[in-house]
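There are 2 protein chains.
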Amino acid sequence: MSGNDGISDDSLESLPHGAQIAWGLVKPSTRGPKGELSVDKIVEAAIGIADREGLSAVSMNRVASSLGFTTMSLYRYIKSKDDLLLLMMEAACDLPIPEEPEGAGWRDRLKAYVGLCIEVMRKHGWFTDIPIQGVPITPNNLKLVDWPLRVLRDLPLTDYEKMSTVLLLSGYSRFYGVLMRDMDRAMSAGADPDSFSGEKYGAALRLLMTPERYPDLYPLVERGVYTEDDGNKDEAQDDFSFGLDRILDGIEALLARRSSGEK
Amino acid sequence: MSGNDGISDDSLESLPHGAQIAWGLVKPSTRGPKGELSVDKIVEAAIGIADREGLSAVSMNRVASSLGFTTMSLYRYIKSKDDLLLLMMEAACDLPIPEEPEGAGWRDRLKAYVGLCIEVMRKHGWFTDIPIQGVPITPNNLKLVDWPLRVLRDLPLTDYEKMSTVLLLSGYSRFYGVLMRDMDRAMSAGADPDSFSGEKYGAALRLLMTPERYPDLYPLVERGVYTEDDGNKDEAQDDFSFGLDRILDGIEALLARRSSGEK
DNA sequence: CTATACTGTATACACCATATACAATTGTTG
DNA sequence: CAACAATTGTATATGGTGTATACAGTATAG
Chain A
-18 MSGNDGISDD
-8 SLESLPHGAQ
2 IAWGLVKPST
12 RGPKGELSVD
22 KIVEAAIGIA
32 DREGLSAVSM
42 NRVASSLGFT
52 TMSLYRYIKS
62 KDDLLLLMME
72 AACDLPIPEE
82 PEGAGWRDRL
92 KAYVGLCIEV
102 MRKHGWFTDI
112 PIQGVPITPN
122 NLKLVDWPLR
132 VLRDLPLTDY
142 EKMSTVLLLS
152 GYSRFYGVLM
162 RDMDRAMSAG
172 ADPDSFSGEK
182 YGAALRLLMT
192 PERYPDLYPL
202 VERGVYTEDD
212 GNKDEAQDDF
222 SFGLDRILDG
232 IEALLARRSS
242 GEK
Chain B
-18 MSGNDGISDD
-8 SLESLPHGAQ
2 IAWGLVKPST
12 RGPKGELSVD
22 KIVEAAIGIA
32 DREGLSAVSM
42 NRVASSLGFT
52 TMSLYRYIKS
62 KDDLLLLMME
72 AACDLPIPEE
82 PEGAGWRDRL
92 KAYVGLCIEV
102 MRKHGWFTDI
112 PIQGVPITPN
122 NLKLVDWPLR
132 VLRDLPLTDY
142 EKMSTVLLLS
152 GYSRFYGVLM
162 RDMDRAMSAG
172 ADPDSFSGEK
182 YGAALRLLMT
192 PERYPDLYPL
202 VERGVYTEDD
212 GNKDEAQDDF
222 SFGLDRILDG
232 IEALLARRSS
242 GEK
């Protein structure tokens, strides 16, 4: 564990060790051999493996040996695998938050926010495989909360409403990231040797679903809307815009009501 | 494996074994000893453990021995743990879908839908811990897609838009379920012996966050909005309504635009 | 120089999902 | 009825996981 934690306040100790590292609270010590490894190298290696082979390929053993070290060496830098996962997310959130084009309206700026979140998940398919443990508590992650709040700053919303809005948007991003991940996986599974079609279960569902039991879903499945036979990613892109536009419309409607004095 | 799968079509074989069970495609065989165990008992036991001790406590060994059998006996009924998880979700989705009060408007009916989804997750804290593998393919789960589609039936939306809307709403439910789960866990962690306060990281964050780096988040944290010091669940309930109301407002705005001929 | 604190390693443990082989049990078929 | 075949529950074994612990080597502080 590189160095005595240079922590003054007790409450800082309560943070997960990974978060302490991310905040730079763990200062390196002078004594002893200087480590050949480092938290950064470990996290980088882990992300590389996850990018290439998925999160399930990330084991302490795998990460360590990819760096030419033994499994247990990692524990000199990181307290647990959970901490490693936390740091992987934090690293993936190290984004260049764009300077605000002050001319742009809040709608486009929020769209840019969601777009960037989704891009993170597209780049790192493993991102949504890491279960959320709670509210963001690491620096880069918190920047991704601060940013949309900045967009909302001058809108007539209460603190809680602003927070809820950010939550709604980031939740939507994550949700959409999960969708994209699933589609990607279904597609690469479809590219597997003996798989004949892009759609996996569409045919089976068409056999099983009856119009009596599923009166309203049945027609959509019949028309291939549900299973996306075409493997048409553009449609998915439309889905993305559709949902986000609804959310933004909803916010806009509230603002309109507010400024017209109603409610 | 209870019985020769009585499956006619090949495409049905491609379904995960858990889904085949859920659809009743696996018929019991006559030969051999009749099993003392059953898929239902196994799933019920697994759910019981997950309800009481969380999903991580659900291991094949744990489930089996809670029923008085050996680990491997489960594999006579279920092909893999993934199948068990699938069946757990499917069982949790076995809900009484309310008869439609035809008088109610689509807004309230969609609200009821989201409310029921959320209730499932409140009842089963483990629900959101099971990673989504793709689109729903089991009977009860599909009923939870059919239902909201029924609400949307007569609204002027395309197939894809309806599907997107349902996706948006169920995504929101799930997202909110995750939030609730996190809050519950933070709260029960706060109830732990040496933990002094209900909020876990609020104090630490107040120390770490500077107004320079987080100009717009900082004030909210300062006012306790971010970490919900009060442990006030009512506020969260408001968050819930707030986000959902925005989504519904957004749909309503689209419908209004549609029926006014615009766009 | 000595004590101390750190590094990387080797070993060990408990747990996990699951493949396989086997004895016991039952229904079907000759 | 007897022989067969299918199915059940079990015991055992394999290769994986995260991580606790003890240890030898090394660099710095006093």
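Protein sequences, first through last, are from chains A and B.
For the first sequence, this note's numbering begins at -18 and goes up steadily by one.
For the second sequence, this note's numbering begins at -18 and goes up steadily by one.
We treat Cβ as the ideally placed atom computed from N, Cα and C, and that holds for glycine.
CB contact flag (residue i, residue j, <8 Å)
i	j	result
Met161/B	Met102/B	yes
Ser(-8)/A	Ala38/B	no
Ala73/A	His105/A	yes
Asp75/B	Tyr195/A	no
Val20/B	Tyr56/B	no
Arg204/A	Pro137/A	no
Asp230/A	Asp110/B	no
Beta-carbon contacts of residue i that lie in its chain and below 6 Å, excluding the five residues immediately before and after
i	result
Leu47/B	Per the sequence presented here, residue 47/B reads as Ser, with Leu not at that position. Excluding sequence neighbours, Ser47/B sits near Ala26.
His(-2)/B	Lys60 and Asp64
Residue i: CB within 7 Å of a non-hydrogen atom of the ligand ATP
i	result
Ala185/B	In the structure shown, the ligand ATP is absent, as is every other ligand, since no ligand is present at all.
Alpha carbon of residue i to alpha carbon of residue j, nearest angstrom
i	j	result
Tyr199/B	Ala93/B	36 Å
Pro112/B	Phe108/A	12 Å
Tyr188/A	Asn122/B	Here the sequence assigns Leu to residue 188/A, which means Tyr is not the residue at that position. Distance between the alpha carbons of Leu188/A and Asn122/B: 17 Å.
Trp87/B	Ala167/A	33 Å
Leu(-4)/A	Leu36/B	24 Å
Asp89/B	Phe221/B	15 Å
Asp197/B	Ile232/A	19 Å
Thr208/B	Gly16/B	51 Å
Ile118/A	Leu125/A	11 Å
Pro120/A	Arg134/A	20 Å
Leu186/A	Val202/A	8 Å
Thr52/A	Leu18/A	12 Å
Glu193/B	Leu68/A	23 Å
Glu(-6)/A	Arg33/B	30 Å
Gly212/B	Gln114/B	Only weak support is given to the placement of Gly212/B: the predicted model assigns it a pLDDT of 49, under 50, and the value that follows is read from those uncertain coordinates. Spanning the two alpha carbons is a distance of roughly 33 Å.
Asp226/B	Phe50/B	49 Å
Pro129/B	Met164/B	28 Å
Leu235/A	Leu236/B	16 Å
Ile78/A	Leu6/A	24 Å
Gly224/A	Leu91/B	15 Å
Tyr182/A	Val116/B	9 Å
Ser40/A	Val206/A	38 Å
Same chain only: Cβ atoms within 8 Å of residue i, ignoring 5 sequence neighbours per side
i	result
Arg131/B	Glu81
Ile228/B	Leu149, Leu150 and Tyr153
Val44/B	Ile23, Ala26, Ala27, Ile30, Leu55 and Leu65
Thr191/B	Tyr199
Asn42/A	Thr52
Arg12/A	none
Cβ-based neighbour list, residue i, same chain, cut-off 7 Å, excluding 5 preceding and 5 following
i	result
Pro14/A	none
Asn241/B	For the sequence presented, residue 241/B should be read as Ser rather than Asn. Cβ neighbours of Ser241/B beyond the five flanking positions: none.
Ser169/B	none
Determine, using beta-carbon pairs with one atom in the stretch 1 to 21 of chain A and one in the stretch 59 to 68 of chain A, whether at least three such pairs fall under 8 Å. yes
I'd like to know if the stretch 143 to 151 of chain A and the stretch 139 to 148 of chain B are in contact, where contact means that at least 3 CB-CB pairs between them fall below 8 Å. no
Pair every Cβ in the stretch 87 to 103 of chain B with every Cβ in the stretch 153 to 160 of chain B, then say whether three or more of these pairs are closer than 8 Å. yes
Length-filtered (4 minimum) alpha helix (DSSP H) runs lying within the stretch 55 to 116 of chain A: 62 to 73 and 87 to 104
Of all the alpha helix (DSSP H) runs that stay within the bounds of the stretch 120 to 168 of chain B, which reach a length of 4 or more residues? 120 to 133
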